[in-house]
Each structure stands twice: as C-alpha cells, then as structure tokens.
Amino acid sequence: MKKCLIVSKVPFASFVGKLNLKLKTNWSNRLFCQDSWPMRKEETTKQKKRELKRKVTLRDVATVAQVSMSSVSRVIHDYPGVHRDLRSRVEQAMREINYFPLSNKKRLGKPERQVFCFFLTNRGLNVAPHSKIMQAIERETSRRGDLLVYKSLRFNAETPPEDLNIAQMLELSDHLSYGAPIGGVILTGLSYPNLIQALEKLGIPYVVLGNNYVGPDELPKDAVYFDGYQGAYNSTRYLLDLGHTNILFIGDPHIGWFSSLHKGYSQALTEAGLKPIAQTKTLSDSFYSNGYLSVEIVYEKTDQISAIMAGCDEIGLGAWKALNDRNLSVPRDVSLVGFDDEDYAAFTVPPLTTVRIDVDTIGRELINLLYKKLSSPSAALPVVTVPTVLIKRGTCRPLVTFAEFPK
0 MKKCLIVSKV
10 PFASFVGKLN
20 LKLKTNWSNR
30 LFCQDSWPMR
40 KEETTKQKKR
50 ELKRKVTLRD
60 VATVAQVSMS
70 SVSRVIHDYP
80 GVHRDLRSRV
90 EQAMREINYF
100 PLSNKKRLGK
110 PERQVFCFFL
120 TNRGLNVAPH
130 SKIMQAIERE
140 TSRRGDLLVY
150 KSLRFNAETP
160 PEDLNIAQML
170 ELSDHLSYGA
180 PIGGVILTGL
190 SYPNLIQALE
200 KLGIPYVVLG
210 NNYVGPDELP
220 KDAVYFDGYQ
230 GAYNSTRYLL
240 DLGHTNILFI
250 GDPHIGWFSS
260 LHKGYSQALT
270 EAGLKPIAQT
280 KTLSDSFYSN
290 GYLSVEIVYE
300 KTDQISAIMA
310 GCDEIGLGAW
320 KALNDRNLSV
330 PRDVSLVGFD
340 DEDYAAFTVP
350 PLTTVRIDVD
360 TIGRELINLL
370 YKKLSSPSAA
380 LPVVTVPTVL
390 IKRGTCRPLV
400 TFAEFPK
C-alpha cells in the first residue's frame with residue numbers, strides 16, 4: 000500500500016485537479032472545433048442572443064406600455080384600425096425593453112381573419128334580446144369569415160376601471176380564438192362609464208348598445224340604439240286612442256332603456272293633458288317580480304288603473320299575474336302593453352300586445368359600425384337608431400263606460 004502511494008509522487012488531490020483541467024480543456028476544444036462538433040462558436044453566440052431576446056415577453060411590453068396584451072398583439076400584427084397613439088406607445092415600449100417579435104412571416108402582418116368579442120355585462124345570456132343580438136352578430140362575422148367570442152362580466156358603477164381586469168379577460172379570449180388578437184369589442188348588457196374608461200385606456204376599439212348605457216357622462220358616440228322613446232310614445236298613444244286615461248307605467252328610469260321608454264310615455268300623456276302615473280322603483284332584481292309587486296303597491300292606493308305600459312314583456316307578465324290574483328281580467332278589466340316582443344309574447348292567452356325590437360338589425364348595425372371604426376379609426380361615425388314597431392295583439396281593448404250604452 001505504501002509503495003503504491005509513493006509511486007505516484009503526486010498528491011491525490013493535485014492529480015484529480017489536473018485530470019479535471021485536462022478534461023475541461025479537451026471538452027472545450029472539442030466544443031468549438033469545427034471538424035469535431037456540428038455547432039460553431041458563432042452559431043452558439045447567435046443562439047444565446049436569441050434566447051436573451053425571447054426572455055422579454057409580450058406581457059412585458061403590455062406592462063410597460065400600460066395596455067392589454069391584445070393591444071400589443073394588434074400592433075405587432077399591423078392590425079387595421081389601431082390608433083396611432085396606441086401604436087406609438089407599444090413601439091416605444093418594445094424599444095425600451097429590446098423586444099423583438101418573431102420574424103416568422105406567418106405571425107406578422109394582417110391576420111387571415113379578425114376576431115371580435117361579444118361582451119355582455121350585468122345580464123345573463125338567457126335574456127332574449129341579448130342572445131338574439133349576439134346570434135345576429137355571429138351570422139355577420141361568419142359571413143365575412145371572421146370569428147366571434149363571448150365574455151360576460153358583472154360589476155357596479157363604483158368599481159375602479161383598473162379593477163375590472165378587462166385585459167386579463169381579453170387575453171383569455173385570445174386563447175379561445177387560437178391566438179389571434181381581439182380586434183374589437185361589442186358592449187351589451189348594462190354598461191357604466193368605468194368600463195368605457197377601461198377599454199379606452201387599453202386602446203381596445205368598441206361599440207355600444209346605447210340604450211343599455213347608464214352614467215352621468217354624455218352617451219357613447221360609437222353606439223347603436225333602438226328607438227325606445229318612439230316605441231313607448233306610440234304604444235301610449237294607442238292606449239289613449241282606445242279611451243284610456245289612467246295608464247300606469249312600470250319600469251325604473253335609472254336603468255338605461257327604461258329611461259327612454261318613460262320619456263316617451265310621459266310625453267304622450269303630457270300632450271293629452273294627462274298626468275303620468277308611474278311606479279319607477281326597482282322592487283326586485285327579477286323583472287317578473289318587479290311587475291307583480293308594482294301592481295300590488297299601486298292597487299293598494301287606487302283601483303282606477305285601466306291600462307298598464309310595462310317596461311319589458313317580463314314585467315308585463317308579472318303585472319298580469321298580480322291582476323289575475325285580484326280577479327282582474329286582461330283585457331276585459333285592464334289593458335296591457337309590453338316591450339321587447341319576446342318569443343312567448345305571441346303564445347300567451349290572449350297574445351300579448353307589445354313593442355318589437357328588431358334585434359337582427361341591431362346586431363348587424365353593431366358589427367358593421369365596428370368594422371367601419373376599424374377601417375377609419377379617426378372618422379366621426381354617425382349614431383345609428385333602429386326603429387321599433389308596435390305589435391297589436393289581444394291584451395288591449397277600448398275602454399267602455401256605462402254612459403256609452405244606450406238607455
């Protein structure tokens with residue numbers, strides 16, 4: 000054992016150290032030797048640079064520019080309708096953090112199809128007008144070869160815009176649309192100014208169903224409206240022509256679309272020299288229950304109501320049930336007019352007289368307005384108003400008094 004140790008004449012640690020050094024040297028020489036290794040030193044350096052560049056992500060650019068990832072994606076893809084201020088912010092952020100998008104031609108330039116988001120706020124998709132509007136939009140986008148995705152959000156008017164997390168929601172929609180950026184948003188449901196502010200800050204193009212916008216600020220310019228004012232005015236005039244003077248309106252004017260209905264109703268009565276009778280408080284989150292409770296409250300004070308103008312068909316059904324519970328018949332004792340013309344309105348007994356909203360036209364006008372906005376982002380677009388139509392069915396009749404009968 001001792002002879003073995005003496006033969007080496009080199010301490011074991013030193014021997015191992017020299018061996019490691021030799022191995023490292025050989026490995027290093029082989030790594031960068033052109034003949035013995037397929038990767039050249041220059042290629043390795045380029046690869047490292049590419050890896051460093053890819054460490055900066057799309058999310059980093061969005062954070063620096065204070066916009067959504069969808070907005071960054073639209074700039075990189077040279078998406079139509081991107082505002083120059085948004086493009087400038089994104090490009091400046093890319094320069095600041097040395098972000099270089101992939102050079103794959105398939106990833107750059109205008110996408111083969113555009114992607115839009117149907118954004119329903121503070122309402123369920125089971126509400127017929129909204130679901131039908133979405134179907135109309137989907138038909139139009141499909142006809143053009145584009146894609147529509149759906150997102151919903153519930154929030155209140157006091158929520159700070161930055162707390163709505165709009166960017167994250169639309170980034171998720173990007174995945175649903177196979178990575179293509181969201182080109183624009185169609186806002187329906189109940190919308191408040193904070194949502195508009197959030198979208199504008201992120202630089203996301205949008206259009207609005209204007210009747211559903213609630214806020215102290217001026218109404219959105221890029222909007223489509225159904226003419227609720229004229230629809231309510233015409234239906235109230237119809238009841239007046241039938242001889243009714245004590246006409247009750249049910250609907251909270253603090254809710255966007257009920258506001259225009261209440262104004263049309265009030266105007267018709269004022270022109271006739273009559274005083275409006277309205278139950279404008281929201282008594283329940285359910286429209287049906289609100290109609291029922293409103294009739295209960297009003298009839299505790301007076302039984303002289305001869306006709307009811309309901310803010311929507313569902314309110315009308317609730318009011319109808321309350322009248323039946325009081326042994327009052329529609330239309331024998333009380334005439335009833337709804338609003339929306341939902342599918343079931345034609346199949347009640349008797350069929351419900353109501354105001355029809357042309358949801359197909361509204362859907363087409365909304366998406367066409369968004370297409371125009373994308374093609375001409377700085378152009379002032381006209382506000383679109385879609386007419387409404389009174390559908391006369393079986394829940395209204397002339398008011399008959401005993402004085403009219405022959406003696």
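For the sequence shown, numbering that gives the first Met the number 0 gives the first residue as 0, with consecutive numbering after it. Glycine is no exception: its CB is placed at the ideal position from the N, C-alpha and C atoms.
Checklist entry - Can you list, in chain order, the residues of its chain whose CB lies under 6 angstroms from that of M133, leaving out five sequence neighbours each side? => result Residues F117 of the same chain have their beta carbon placed closer than 6 angstroms to that of M133, with the five preceding and five following residues left out of the count.
Item to check | Residue from S374, G393, S288, T384 whose Cα sits closest to the Cα of P204 | outcome: Of the listed residues, the one whose Cα sits closest to P204 is S374.
Next on the checklist: Within 10 Å of its beta-carbon, does I296 have 16 or more other beta-carbons around it, so buried, or fewer, so exposed?
Outcome noted: With fewer than 16 other Cβ atoms inside 10 Å of its own Cβ, I296 counts as exposed.
Checklist entry - Over what stretch of residues does the beta strand (DSSP E) that includes F248 continue unbroken? => result Where F248 is concerned, the enclosing beta strand (DSSP E) stretches over 246–249.
Item to check | V348 classed as buried or exposed, judged by whether at least 16 other C-beta atoms fall within 10 angstroms | outcome: That one is exposed.
Next on the checklist: Using the three-state DSSP reduction, which class does I132 fall into: helix, strand or coil?
Outcome noted: Secondary structure at I132: helix, using DSSP grouped into helix, strand and coil.
Checklist entry - What is the residue span of the beta strand (DSSP E) that R94 lies within? => result Note, R94: premise wrong, no beta strand (DSSP E); alpha helix (DSSP H) at 83–95.
Checklist entry - Taking one C-beta from the region 148–155 and one from the region 82–97 each time, how about it: are there three or more such pairs within less than 8 angstroms? => result The answer is no - the region 82–97 does not touch the region 148–155, with fewer than three Cβ pairs under 8 angstroms.
Item to check | Limits of the alpha helix (DSSP H) - the one that K372 falls within | outcome: Bounds of the alpha helix (DSSP H) holding K372 are 358–374.
Item to check | Range of the contiguous beta strand (DSSP E) that encloses V213 | outcome: Premise fails: V213 is in no beta strand (DSSP E) and is neither H nor E.
Next on the checklist: Can you tell me whether A379 is buried or exposed? The criterion is at least 16 other CB atoms within 10 Å of its CB, across all chains shown.
Outcome noted: It is exposed - the Cβ of A379 has fewer than 16 other Cβ atoms within 10 Å.
Checklist entry - Is it true that the CB of T387 sits closer than 8 angstroms to the CB of Q167? => result No; because the gap between Cβ atoms is not below 8 angstroms, this pair is not in contact.
Next on the checklist: The beta strand (DSSP E) that contains Q229, what's its start and end?
Outcome noted: For Q229, no beta strand (DSSP E) run applies; the uninterrupted alpha helix (DSSP H) run containing it begins and ends at 227–240, by DSSP.
Item to check | Assigned secondary structure, K391 (DSSP; H/G/I helix, E/B strand, else coil) | outcome: Note: K391 maps to coil in three-state DSSP.
Item to check | Of the residues V207, Y291, T301, the one placed nearest G255, counting alpha carbons only | outcome: Put simply, of V207, Y291, T301 the residue whose alpha carbon is nearest the alpha carbon of G255 is V207.
Checklist entry - Does the Cβ of T264 have 16 or more other Cβ atoms within 10 Å, making it buried, or fewer, making it exposed? => result Position check: residue 264 holds Tyr in this sequence, whereas Thr was assumed. Here Y264 is buried, its C-beta having at least 16 other C-beta atoms within 10 Å.
Checklist entry - For V399, which option in A306, G209, V336 has the closest C-alpha, if you only look at C-alpha atoms? => result Distances from the CA of V399 to each of A306, G209, V336 were compared; the closest alpha carbon is that of A306.
Checklist entry - If you draw a straight line from the alpha carbon of N211 to that of L327, how long is it in whole angstroms? => result So the two alpha carbons sit approximately 33 angstroms from each other.
Checklist entry - By DSSP, does I75 sit in helix, in strand, or in coil? => result Of the three classes helix, strand and coil, the one that applies to I75 here is helix, per DSSP.
Checklist entry - For the candidate residues I304, C311, I390, E161, whose alpha-carbon lies nearest to that of V329? => result Checked all of I304, C311, I390, E161; the closest Cα to V329 is I304.
Item to check | Proximity winner among P128, K371, R236, T301, relative to Q266 (alpha-carbon distances) | outcome: Per the Cα distances, R236.
Item to check | Range covered by the beta strand (DSSP E) that runs through I185 | outcome: I185 -> beta strand (DSSP E) spans 181–188.
Item to check | Beta-carbon proximity of K274 to L268, cut-off 8 angstroms | outcome: A contact, by the Cβ cut-off of 8 angstroms.
Checklist entry - Where does Q278 sit, in a helix, a strand or coil, going by DSSP? => result Q278 falls in the strand class under three-state DSSP.
Next on the checklist: I'd like to know whether the C-beta atoms of L57 and V74 end up nearer to each other than 8 angstroms.
Outcome noted: The Cβ-Cβ distance between L57 and V74 does not fall below 8 angstroms.
Item to check | Beta bridge counterpart(s) of V206 as assigned by DSSP | outcome: Paired residue(s): I185.
Next on the checklist: How far does the alpha helix (DSSP H) with I307 in it extend, from its first residue to its last?
Outcome noted: From DSSP, I307 is part of no alpha helix (DSSP H) but of the beta strand (DSSP E) over 306–309.
Next on the checklist: Quick check: the region 360–376 against the region 335–342, are at least 3 beta-carbon pairs closer than 8 angstroms?
Outcome noted: The answer is no - the region 360–376 does not touch the region 335–342, with fewer than three Cβ pairs under 8 angstroms.
Next on the checklist: Distance check for Y370 and C395, CA to CA, integer angstroms please.
Outcome noted: If you take the alpha carbons of C395 and Y370, they lie about 42 angstroms apart.
Item to check | Where D221 falls: helix, strand or coil (DSSP) | outcome: Note: D221 maps to coil in three-state DSSP.
Item to check | Unbroken beta strand (DSSP E) run spanning Y298, endpoints | outcome: Y298 -> not in any beta strand (DSSP E); alpha helix (DSSP H) instead, spanning 286–300.
Checklist entry - Which residue's Cα is closest to the Cα of S334: G209, K391, D251, R143? => result Considering only alpha carbons, the answer is K391.
Item to check | Of the listed residues S259, P376, F248, nearest to G315 (C-alpha basis) | outcome: Cα-wise, what sits closest to G315 is F248.
Item to check | Euclidean distance between Cα positions of R112 and T140 | outcome: Their Cα atoms are separated by approximately 10 angstroms.
Checklist entry - What are the boundary residues of the alpha helix (DSSP H) that includes L322? => result Residues 312–324.
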